[in-house]
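In the working numbering, the protein residues as written are 152 to 567.
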């Protein structure tokens, strides 16, 4: 679909049209090529066609002069020869429309008419320019094969037989070579046009892909940031709903967590929208979370009523790369969010182990919840996003049920 759109929106020929052949402009213009209409002659075409017509007439006049000086040719044959030559000169104006037909017709005509020799050469040149080499080889080969027979039948009074043969064969070869050279130049221009069009299409596709990846990155970031905050809001709002007789202190604490989480969610959302509008990098706004912010995340979860155990055995916490630390933080954040939604009341263990050259292993594990847990809507997009995050960071992520009925998320990230 995109390639077709690129082809439809590709710019047509915008150069000096009068200076270029109409056939080349027709090939360069995709709309004209699809319409099927014949290309109209440009100023250059009229000049070239008139020059070819004038050359054919001059060669015909020279041939007529030779016929007049050759008394061995009957008068009736000379008249027929000149008539065929005149018709051939008029047919020069049809060479662009029917190059193959004109070249084929000129093979027998030029064999019987000396005044049509110039048209035969012009038609062969036109065929070499507008048609593949196989047609030129057949027509040129037959025309060359008839040359010895022609000079045997009608010898030139001014040139020896062998010299006439060499001259005509050399002229034919030069004509074909010149025509093939012109055709190759046009084919080169068309190939460059196609390469430029493909390059534009690929650049457009790359831009669309980069835009799509940027949107997906923003969507993942929005999910990772807001899911944690909104889950806190949901948990505490649900507690207030189902326990209206809770002590005032507990109600006040839950209300404070809801207010703080809502404030943080709005601030995070504002930052993400700012990135989307301004196109800033991930480093804009507040500093992005790293491994050092893991303690704050766990403390926040504990204030929300979760039971969280944090195990950090990192050789050099300050030396963890920012991208790896941010990925580890998002994995722990998503794991705590999922545990809060799907296994409320259980004790969650967050483990971070590693060192330079060994990599970083992040594990979030929770046991099976006690009793029935209300169904919480979710499509698993968070785990899909985390898997992609870990892959982009050069690591891997695994998740699934544990042997005791709980759930475990384990990620291995490169370091060093």
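Glycine included, each C-beta is placed from N, C-alpha and C at the ideal position.
When DSSP states are grouped into helix, strand and coil, residue 409 belongs to the helix group.
In this structure, residue 483 sits near residue 515, with a CB-CB distance shorter than 7 Å.
Rounded to whole angstroms, the separation of the alpha carbons of residue 245 and residue 254 is 11 Å.
Annotation: residue 367 to residue 537 spans about 12 Å, alpha carbon to alpha carbon. For residue 462, the enclosing beta strand (DSSP E) stretches over residues 458-465. A straight-line Cα-Cα distance of about 26 Å links residue 196 and residue 234.
If the five residues before and after residue 293 are omitted, its C-beta is found closer than 8 Å to the C-beta atoms of 258, all from its own chain and listed in chain order.
Sequence-distant partners of residue 295 (beyond 5 residues in either direction) whose C-beta falls short of 7 Å from its own C-beta, in its chain, are 320, 323. Assignment of residue 364 by DSSP, reduced to helix, strand and coil, places it in the helix class. Collapsing the DSSP output to three states places residue 521 in coil.
Apart from sequence neighbours up to five positions away, the residues of its chain that approach residue 209 with a beta-carbon distance below 8 Å are 269, ordered along the chain. A straight line joining the alpha-carbon of residue 420 with that of residue 357 spans about 28 Å. Secondary structure note for residue 451: it is in no beta strand (DSSP E), and the uninterrupted alpha helix (DSSP H) holding it is 445-454.
The beta-carbon separation of residue 214 and residue 240, rounded to 11 Å, does not stay under the 8 Å limit for a contact.
Within its own chain, no residue has a Cβ closer than 7 Å to the Cβ of residue 469 once the five positions on either side in sequence are excluded.
Residue 497 carries a coil assignment under DSSP once its states are collapsed to helix, strand and coil. Inside the region 261-293, DSSP marks whole alpha helix (DSSP H) runs of 4 or more residues at positions 268-281, from first to last along the chain. Straight across, the Cα-Cα distance linking residue 450 with residue 354 is about 47 Å. Judged by beta-carbon spacing, residue 243 lies within the 7 Å limit of residue 207, meaning their Cβ atoms are closer than that value. With contacts defined as CB atoms closer than 7 Å, residue 513 and residue 562 qualify as a contacting pair. For residue 556, no alpha helix (DSSP H) run applies, since DSSP gives it neither H nor E. Annotation: the continuous alpha helix (DSSP H) that includes residue 233 extends over 226-242. Taking a cut-off of 8 Å on C-beta distances, the region 275-283 touches the region 329-336, as three or more cross pairs fall below it. A distance below 7 Å separates the beta carbons of residue 503 and residue 465. Taking 4 residues as the shortest admissible run, the region 281-361 contains the following complete alpha helix (DSSP H) segments, listed from N- to C-terminal end: 284-296, 298-304.
DSSP places residue 506 within a strand segment (E or B) once states are collapsed to three. For residue 382, the closest C-alpha among the options 318, 488, 300, 448 is that of 488.
Cβ neighbours of residue 286 within its own chain (closer than 7 Å, five residues either side excluded): 251, 278. Using a Cβ distance threshold of 7 Å, residue 517 and residue 501 do not count as a contacting pair.
DSSP places residue 491 within a helical segment (H, G or I) once states are collapsed to three.
The Cβ-Cβ distance between residue 546 and residue 564 falls below 7 Å. The bridge partners DSSP lists for residue 550 are 560.
Between residue 492 and residue 462, the alpha-carbon positions lie close to 22 Å from each other. For residue 558 and residue 540, the gap between their C-alpha atoms comes out near 20 Å. Nearest neighbour of residue 231 by Cα position, chosen from 385, 265, 405, 486, turns out to be 265.
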